[in-house]
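Heads up, the thing below is written out as structure tokens.
Protein chains: 2
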Amino acid sequence: MDSDDMGERIWTAALVVIGDEILSGRTQDRNVAQLATWLNVQGIRLAEVRVVADREEAIVEAVNTLRTRNDYLFTTGGIGPTHDDITVDAIAVALGVGVEHHPDAMATLEAYYATRGGLTEARARMARVPAGAGLIENRVSGAPGIHVANIFIMAGVPHITAGMLDMLTGTLEGGRPVVSRTIGCWVAESEVADLLRDAEKTHAGVSIGSYPFFREGRTGANFVVRSPDATLADTCIADLAAALTATGRTVVSEGI
Amino acid sequence: MDSDDMGERIWTAALVVIGDEILSGRTQDRNVAQLATWLNVQGIRLAEVRVVADREEAIVEAVNTLRTRNDYLFTTGGIGPTHDDITVDAIAVALGVGVEHHPDAMATLEAYYATRGGLTEARARMARVPAGAGLIENRVSGAPGIHVANIFIMAGVPHITAGMLDMLTGTLEGGRPVVSRTIGCWVAESEVADLLRDAEKTHAGVSIGSYPFFREGRTGANFVVRSPDATLADTCIADLAAALTATGRTVVSEGI
Numbered sequence: 003m004d005s006d007d008m009g010e011r012i013w014t015a016a017l018v019v020i021g022d023e024i025l026s027g028r029t030q031d032r033n034v035a036q037l038a039t040w041l042n043v044q045g046i047r048l049a050e051v052r053v054v055a056d057r058e059e060a061i062v063e064a065v066n067t068l069r070t071r072n073d074y075l076f077t078t079g080g081i082g083p084t085h086d087d088i089t090v091d092a093i094a095v096a097l098g099v100g101v102e103h104h105p106d107a108m109a110t111l112e113a114y115y116a117t118r119g120g121l122t123e124a125r126a127r128m129a130r131v132p133a134g135a136g137l138i139e140n141r142v143s144g145a146p147g148i149h150v151a152n153i154f155i156m157a158g159v160p161h162i163t164a165g166m167l168d169m170l171t172g173t174l175e176g177g178r179p180v181v182s183r184t185i186g187c188w189v190a191e192s193e194v195a196d197l198l199r200d201a202e203k204t205h206a207g208v209s210i211g212s213y214p215f216f217r218e219g220r221t222g223a224n225f226v227v228r229s230p231d232a233t234l235a236d237t238c239i240a241d242l243a244a245a246l247t248a249t250g251r252t253v254v255s256e257g258i
Numbered sequence: 003m004d005s006d007d008m009g010e011r012i013w014t015a016a017l018v019v020i021g022d023e024i025l026s027g028r029t030q031d032r033n034v035a036q037l038a039t040w041l042n043v044q045g046i047r048l049a050e051v052r053v054v055a056d057r058e059e060a061i062v063e064a065v066n067t068l069r070t071r072n073d074y075l076f077t078t079g080g081i082g083p084t085h086d087d088i089t090v091d092a093i094a095v096a097l098g099v100g101v102e103h104h105p106d107a108m109a110t111l112e113a114y115y116a117t118r119g120g121l122t123e124a125r126a127r128m129a130r131v132p133a134g135a136g137l138i139e140n141r142v143s144g145a146p147g148i149h150v151a152n153i154f155i156m157a158g159v160p161h162i163t164a165g166m167l168d169m170l171t172g173t174l175e176g177g178r179p180v181v182s183r184t185i186g187c188w189v190a191e192s193e194v195a196d197l198l199r200d201a202e203k204t205h206a207g208v209s210i211g212s213y214p215f216f217r218e219g220r221t222g223a224n225f226v227v228r229s230p231d232a233t234l235a236d237t238c239i240a241d242l243a244a245a246l247t248a249t250g251r252t253v254v255s256e257g258i
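Which chain is which? The protein sequence lines are A and B, in order. Per the working numbering, the first sequence starts with residue 3, numbered consecutively. Per the working numbering, the second sequence starts with residue 3, numbered consecutively.
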């Protein structure tokens, strides 16, 4: 649990991305950005992410550290039927509980594989859950996601995870969503660093990020104001735009 | 320090990605995959990644945990001239040292900004380093990367980081690079789970990853064999291909 400058309760989540394929560079992760965006809408902030290998002790350490200091913990990856899919076992170890075949998951998989060669032992692995867990429906393929304690165990394949997040939409308690307002300016951020710092200080309750880029041979930056208070964010971005304009610069609303 | 099944020394690195823009979903990270790929060539394994917010205590915790249990630690992000760029200060706190303006960095920035409006105080912030640090040349923009203890402090903008990695190529001690061999098969991975497990068991010193996908309305999977021993990887992938072929399936070399 955490609270912001205004004393308002902030709901936080963490994500553990599980998979050698991310750490080897073979696969470009898409789940961090996808989950972050979805959490924003739920009024929950993504506070920290860890990417760990397919090793039990690495998963246990990350899960136990992050589940206790956040309201929610998400994991992605490692819930398929093969030998490198050890997420369920590792989370059971982290929680100190056993592993069981969930009857609803067995029924779902039996139905799904009825026309696809039948439910083999390998496929039944995907019905295994930490004892006491519930399921998150998977409309794309047979294997469900899992919900246990404050942990949400999701697929590694991004479009399957997207479907699982869809099922969870509106079910998690959160606070006010953080809104963000962006403006862009063809300016080196170093020229307006003081102006940015002053704008953040003047408007308690906002944070301002500065994101420089090089494009078409020119230097520019986007400035992003974030706050759970939309009015405050609007005021701050208007003041910032006015301050930039007063120095003779052209401001691009919505960013460049 | 770590070693593998064959008793061979494994060199490891960790990465701390620093930035609210990644955790808010605004920016898709590219540095994890980029660094992972580069490290592979250096014979160094990326063992763990953490993504943390622009908050000193979050950076200090991640840096201190990961620098002590890996041969190398990389950070990306937060080394620009604005108020939200706090990486240098946080790493100085983590190391228990002060912050100083590096004379070579000052000279570089003075030259860079000579024709760009001069070296302001904000710009001189980019010459600040933890006491005792060296520099990593940045050929793209003025601000250098920083090397201190076993820590390499890099830019957040991926193509600037790419240039810094270029400067470091061949300078870090590593072991044998992990090679990977891939085959693909139009098969549900659950149908060949036992076969994969057996192949990994039979060939000590390899790890096999299974990466399913859904494409053109069909189910398939790529199987990736990784090992620092190229001969072993070749033998294992050949055996795996033969085992899959023996079940009547068509194997696609190099993957699907």
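For every residue, glycine included, the Cβ atom is placed at its ideal position computed from N, Cα and C. A quick note: this is a predicted structure, and the numbers were derived from the prediction, not measured.
Cβ of residue 78(A) within 8 Å of Cβ of residue 148(A)? Taking the first residue of the first sequence as position 1, residue 78(A) is located at position 76. Taking the first residue of the first sequence as position 1, residue 148(A) is located at position 146. Going by C-beta atoms, residue 78(A) is not nearer than 8 Å to residue 148(A).
I want to see whether chain A comes within less than 8 Å of residue 70(B), judged by CB atoms only; does it? As a working note, residue 70(B) is residue 68 in the second sequence. Cβ-Cβ to chain A under 8 Å: no for residue 70(B).
Leaving out five residues before and five after residue 209(B) in sequence, what residues of the same chain have Cβ atoms less than 6 Å from its Cβ? Your numbering for residue 209(B) matches position 207 in the second sequence. Same-chain partners within the cutoff: 228.
Residue 61(B) and residue 18(B) closer than 8 Å at C-beta: Start at 1 with the first residue of the second sequence, and residue 61(B) comes out as number 59. Start at 1 with the first residue of the second sequence, and residue 18(B) comes out as number 16. By the CB criterion at 8 Å, residue 61(B) and residue 18(B) fall inside the cutoff.
Within chain A, the residues that residue 39(B) reaches when beta carbons sit closer than 7 Å: In the second sequence, the residue the question calls residue 39(B) occupies position 37. Chain A residues near residue 39(B): 27.
Using only the alpha-carbon positions, how far apart do residue 1(A) and residue 30(B) sit? No information on residue 1(A) is available, as it lies outside the stretch 3 to 258 that chain A covers here.
In terms of DSSP beta bridges, what is residue 230(A) paired with? Translated into positions along the first sequence, residue 230(A) becomes position 228. Beta-bridge analysis with DSSP links residue 230(A) to no other residue.
Under the rule that 16 or more other beta-carbon atoms within 10 Å means buried, what is residue 161(A), buried or exposed? As a working mapping, residue 161(A) is identified with position 159 in the first sequence. Residue environment: residue 161(A) is assigned as exposed (fewer than 16 neighbouring CB atoms within 10 Å of its CB, all protein chains considered).
Relative to the C-alpha of residue 212(B), which residue among 146(B), 65(B), 203(B), 225(B) is closest? Your numbering for residue 212(B) matches position 210 in the second sequence. For residue 212(B), the closest alpha carbon among the candidates 146(B), 65(B), 203(B), 225(B) is that of 225(B).
Mapping DSSP to helix, strand and coil, what is residue 67(A)? Walking along the first sequence from the start, residue 67(A) turns up at place 65. Here DSSP, grouped into helix, strand and coil, assigns residue 67(A) to helix.
Which chain B residues are close to residue 34(A), counting only those with a beta carbon under 7 Å from its beta carbon? Within the first sequence, the letter at position 32 stands for residue 34(A). Going along chain B in sequence order, the residues near residue 34(A) (Cβ under 7 Å) are 24, 31, 53.
Whole-angstrom Cβ separation of residue 80(B) and residue 56(B), contact assumed at under 8 Å? Reading the second sequence from its first residue, position 78 is the one you call residue 80(B). Reading the second sequence from its first residue, position 54 is the one you call residue 56(B). Right, the Cβ-Cβ distance comes to about 6 Å (below 8 Å), so this counts as a contact.
Against chain A, does residue 85(B) count as a neighbour if the rule is that its beta carbon must be under 8 Å from one of theirs? Counted from its first residue, the second sequence places residue 85(B) at position 83. Closer than 8 Å to some Cβ of chain A, the Cβ of residue 85(B) qualifies, so yes.
Taking Cβ positions only, does residue 50(A) come closer than 8 Å to chain B? The residue labelled residue 50(A) in the question sits at position 48 within the first sequence. Chain B, which has a Cβ nearer than 8 Å to the Cβ of residue 50(A), makes this yes.
Would you say residue 105(A) touches the ligand MN, meaning its beta carbon is less than 7 Å from a heavy atom? No copy of the ligand MN appears in this structure; indeed no ligand is present at all.
Partners in chain A for residue 125(B), counting only beta-carbon separations shorter than 7 Å: In the second sequence, the residue the question calls residue 125(B) occupies position 123. Within chain A, the C-beta atoms nearer than 7 Å to that of residue 125(B) come from 192, in chain order.
Can you list the residues of chain A that residue 212(B) reaches, using a CB-CB cut of under 9 Å? What you label residue 212(B) is simply residue 210 of the second sequence in a count that begins at 1. Here the neighbours are 82, 83, 84, 85, 86, 87.
Is it buried or exposed, residue 73(A), if we count other Cβ atoms within 10 angstroms and call 16 or more buried? For the purposes of this step, residue 73(A) is identified with residue 71 of the first sequence, where counting begins at 1. With 16 or more other Cβ atoms within 10 Å, it is buried.
Please say whether residue 176(A) and residue 82(A) have beta carbons closer to each other than 8 Å? As a first step, residue 82(A) must be located in the first sequence, where it is residue number 80. As a first step, residue 176(A) must be located in the first sequence, where it is residue number 174. Against a cut-off of 8 Å, the Cβ pair of residue 176(A) and residue 82(A) comes out as no contact.
Which residues, in chain order, does the region 202-228 of chain A contribute to contact with chain B at a C-beta distance below 8 Å? Cβ contacts with chain B come from 202, 209, 210, 211, 212, 213, 214, 215, 216, 226, 228.
Is there at least one Cβ from chain A nearer than 8 Å to residue 79(B)'s Cβ? Working through the second sequence from its first residue, we reach residue 79(B) at position 77. Output row for residue 79(B): interface = no.
Indicate whether residue 102(A) and residue 133(A) have their beta-carbon atoms separated by less than 8 Å. Translated into positions along the first sequence, residue 102(A) becomes position 100. Translated into positions along the first sequence, residue 133(A) becomes position 131. A Cβ-Cβ contact shorter than 8 Å links residue 102(A) with residue 133(A).
For residue 14(A), which three-state DSSP category applies? On the first sequence, position 12 is the one that residue 14(A) refers to. Strand at residue 14(A).
For residue 47(B), which residues in the same chain have their Cβ closer than 8 Å to its Cβ, ignoring the five residues on either side in sequence? The residue labelled residue 47(B) in the question sits at position 45 within the second sequence. Spatial neighbours of residue 47(B) in its own chain (CB-CB distance under 8 Å, excluding positions within 5 residues in sequence) are listed in chain order as 12, 13, 14, 15, 41, 180.
On a Cα-Cα basis, can you pick out the residue from 171(B), 150(B), 158(B), 156(B) that is closest to residue 98(B)? For this step, residue 98(B) is matched to residue 96 along the second sequence. Sorting 171(B), 150(B), 158(B), 156(B) by C-alpha distance to the C-alpha of residue 98(B) places 150(B) at the top.
Give the residues of chain B in contact with residue 196(A), contact being defined as C-beta atoms less than 7 Å apart. The sequence position of residue 196(A) within the first sequence is 194, counting from 1. Within 7 Å Cβ-Cβ: 124.
Residues that residue 42(B) contacts on chain A, provided the C-beta gap is smaller than 8 Å: For the purposes of this step, residue 42(B) is identified with residue 40 of the second sequence, where counting begins at 1. Going along chain A in sequence order, the residues near residue 42(B) (Cβ under 8 Å) are 26, 27.
Identify the residues that DSSP records as bridge partners of residue 149(B): which are they? Within the second sequence, residue 149(B) is the residue found at index 147, counting from 1. Residue 149(B) is bridged to 136(B), 154(B).
Using a C-beta to C-beta distance shorter than 7 Å, which residues of chain B count as neighbours of residue 199(A)? Position 197 of the first sequence holds residue 199(A). Going along chain B in sequence order, the residues near residue 199(A) (Cβ under 7 Å) are 85.
Between the region 89-123 of chain A and chain E, which residues of the former have CB atoms less than 9 Å from a CB of the latter, in chain order? In the displayed structure, chain E is absent; the protein chains listed are A and B.
If we ignore side chains and look at the alpha-carbon of each, how far apart do residue 189(B) and residue 142(A) end up? To locate residue 189(B), count along the second sequence from 1; it is residue 187. To locate residue 142(A), count along the first sequence from 1; it is residue 140. Roughly 17 Å between the two C-alpha positions.
Cβ neighbour criterion (16 or more within 10 Å) applied to residue 158(B): Counted from its first residue, the second sequence places residue 158(B) at position 156. Classification of residue 158(B): buried, given that the 10 Å Cβ count is 16 or more.
Contacts around residue 34(B), its chain only, beta-carbon distance under 6 Å, and the 5 residues preceding and following it disregarded: Stepping through the second sequence from its first residue, residue 34(B) is reached at position 32. For residue 34(B), the CB contacts under 6 Å within the same chain, skipping 5 residues up- and downstream, are 51 in chain order.
Quick one: Cα of residue 253(A) to Cα of residue 155(B), how far? Here residue 253(A) is taken as the residue at index 251 of the first sequence, counted from 1. Here residue 155(B) is taken as the residue at index 153 of the second sequence, counted from 1. In a straight line, the C-alpha of residue 253(A) is about 32 Å away from that of residue 155(B).
Between 49(A), 170(A), 246(A), which has its C-alpha nearest residue 186(A)'s C-alpha? Walking along the first sequence from the start, residue 186(A) turns up at place 184. Of the candidates 49(A), 170(A), 246(A), the one whose C-alpha sits nearest the C-alpha of residue 186(A) is 246(A).
Are there 16 or more other CB atoms within 10 angstroms of the CB of residue 248(B), so buried, or fewer, so exposed? Taking the first residue of the second sequence as 1, we reach residue 248(B) at position 246. So residue 248(B) counts as exposed.
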